[in-house]
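Numbering follows numbering that gives the first Met the number 0, in which position 95 of the sequence shown is assigned residue number 94; successive positions increment by one, without gaps. Yeah, the Cβ is synthetic: ideal placement off N, Cα and C, and Gly gets one too. Beneath this line is the structure, given in structure tokens, with notes to follow.
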Amino acid sequence: MSRLPCYKPRLYITDTSLPVAGKELTQLDLSQNGLSSVPSAAFRNLHHLLILNLNHNRITAIHNRAFEGLDTLEILTLYENKITIVEPEAFKGLDK
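The structure is reproduced here in structure tokens:
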């Protein structure tokens, strides 16, 4: 599986909720889910992910190392959220 659209199902993310969602996953669309935060290392096992869409949620906080492990990520979209807290190391691990 290379693409996983999960928009509108009202998911929530914990720091262990995506451990084996797909080792070869390249696109993940979590838009329109009502997500309120991006916890630390939420996506840590998605090493091949190229596109992560978190648009149109209720994200208010992005925690330290939230995107750690996304070594190949090229596109991260966060628009239409209500982000008020971005911890100092929130984007640590994103090299691109």
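For residue i, which residues of its own chain have a beta-carbon under 6 Å away from its beta-carbon, when the five flanking residues on both sides are left out?
i	result
S30	Y6, N52, N54, H55
I61	V37, V85, A89
What does a CB cutoff of less than 7 Å around residue i pick up in its chain, not counting 5 residues either side in sequence?
i	result
D14	Confidence in D14 is poor, its pLDDT being 48 and thus under 50, which makes the residue's placement unreliable; the coordinate value appears in the next sentence. Excluding positions up to five away in sequence, the list reads P38, S39, A40, A41.
T76	N52, L53, N54
Among the residues of its own chain, which have a CB less than 8 Å from the CB of residue i, if the five just before and after it don't count?
i	result
H46	K22, G68, L69, D70, T71
Measure from the alpha carbon of residue i to the alpha carbon of each residue in the options, then state which is nearest.
i	options	result
R64	N44, N32, L34	N44
S35	N80, L75, Q26, D28	N80
T83	L93, T59, L77, T76	T59
K91	R57, F66, Q26	F66
Bridge partners for residue i per DSSP, in chain order?
i	result
T76	N52
A40	A40 is not bridged to any residue.
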